[in-house]
Amino acid sequence: MPSALAVPVPARTRRTCIGCRRVAEPAELVRVARRPDGSIGVGRAEPGRGAWLCPDVSCFEMAVRRRAFGRALRIEIGADELASLHERLFQE
Numbered sequence: 084m085p086s087a088l089a090v091p092v093p094a095r096t097r098r099t100c101i102g103c104r105r106v107a108e109p110a111e112l113v114r115v116a117r118r119p120d121g122s123i124g125v126g127r128a129e130p131g132r133g134a135w136l137c138p139d140v141s142c143f144e145m146a147v148r149r150r151a152f153g154r155a156l157r158i159e160i161g162a163d164e165l166a167s168l169h170e171r172l173f174q175e
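Okay, so the sequence shown: first residue is 84 according to this note's numbering, each after it adds one.
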């Protein structure tokens, strides 16, 4: 019988990478968001519909191959936008 004083423990926030489908803490992933004006932004504070991605080139390539960005953000993403996003995420 559960105790009347038992306090429920809040579940930890977990997100799924759209490339490799690994579940991880948000601190381990990068957020890509479709802004209200339709442009693509990178960062946790970006407004709009978001998708989470491992900070790894192979995950980015897998997400592109699976067309996961378009599905997750509910928008058509062209090759030029994907190239620009790749540069922003992996600029060296």
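Positions of the beta carbon are idealized from the N, C-alpha and C atoms, including for glycine.
Predicted model only: the values in this text are computed from it and were never measured.
DSSP state of A146 mapped onto helix, strand, coil
Along the sequence shown, one-based indexing puts residue 146 at 63. In the structure shown, A146 sits in a helix (DSSP, three-state: H, G or I).
Going along the chain, which residues of its own chain have a beta-carbon closer than 6 Å to the beta-carbon of I160, five neighbours each way excluded?
Residue numbering aside, residue 160 sits at position 77 when the sequence shown is read from its first letter. These residues qualify, in order along the chain: F152 and G153.
For C137 and E111, the rounded distance between their alpha carbons
Reading the sequence shown from its first residue, position 28 is the one you call residue 111. Reading the sequence shown from its first residue, position 54 is the one you call residue 137. Rounded to whole angstroms, E111 to C137 spans 7 Å at the Cα level.
Along the chain, where does the alpha helix (DSSP H) that runs through R154 open and close?
Numbered from its first residue, the sequence shown carries residue 154 at position 71. R154 -> alpha helix (DSSP H) spans A151 to L156.
Looking at C-alpha atoms only, which residue of V140, P93 and G131 is the closest neighbour of Q174?
The residue labelled residue 174 in the question sits at position 91 within the sequence shown. It is V140.
Within its chain, find whatever has a CB closer than 7 Å to the CB of A146; leave out the 5 residues flanking it on each side and keep chain order.
The count along the sequence shown starts at 1 and reaches residue 146 at position 63. Closer than 7 Å at Cβ, skipping near neighbours: I101, G102, L136 and F152.
Rounded C-alpha distance that separates R171 from E144
If you number the sequence shown from 1, residue 171 lands on position 88. If you number the sequence shown from 1, residue 144 lands on position 61. Cα to Cα, R171 sits roughly 14 Å from E144.
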